[in-house]
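Residue -1 is where the sequence shown starts when you use this note's numbering, and the numbers rise one by one after that. Ideal Cβ positions, reconstructed from N, Cα and C, are used throughout, including at glycine.
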Amino acid sequence: GLTSGAEAVAANAGKSWEDLAAETLFRPLGMNATSYQFSDYESRPDRAVGHIHVDGRYEPRYVRNAQPQSPAG
């Protein structure tokens, strides 16, 4: 429901959800490194990555593309 509502608002504004969020939420708050774009996440060298326990130690192996659910918050 929340994703559909957010997508409907963005469509009515004639923009993608990601662009609308950047324009109306992130930029006015000075959040210039914040994005809902998965490609922005992938391009950052300091991104957070999920780890899993393998052979007694934790390894960074898990990356989830959550962009389709991002309009839900």
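CA-to-CA, the gap between Arg62 and Lys13 works out to about 24 Å. Using a C-beta cut-off of 8 Å, the stretch 25 to 34 makes no contact with the stretch 4 to 13, since fewer than three inter-stretch Cβ pairs fall below that distance. Taking a C-beta distance under 8 Å as the contact criterion, His49 and Pro58 qualify as a contact pair.
For Val52, there is no enclosing alpha helix (DSSP H); the enclosing beta strand (DSSP E) has its first and last residue at 48 to 52.
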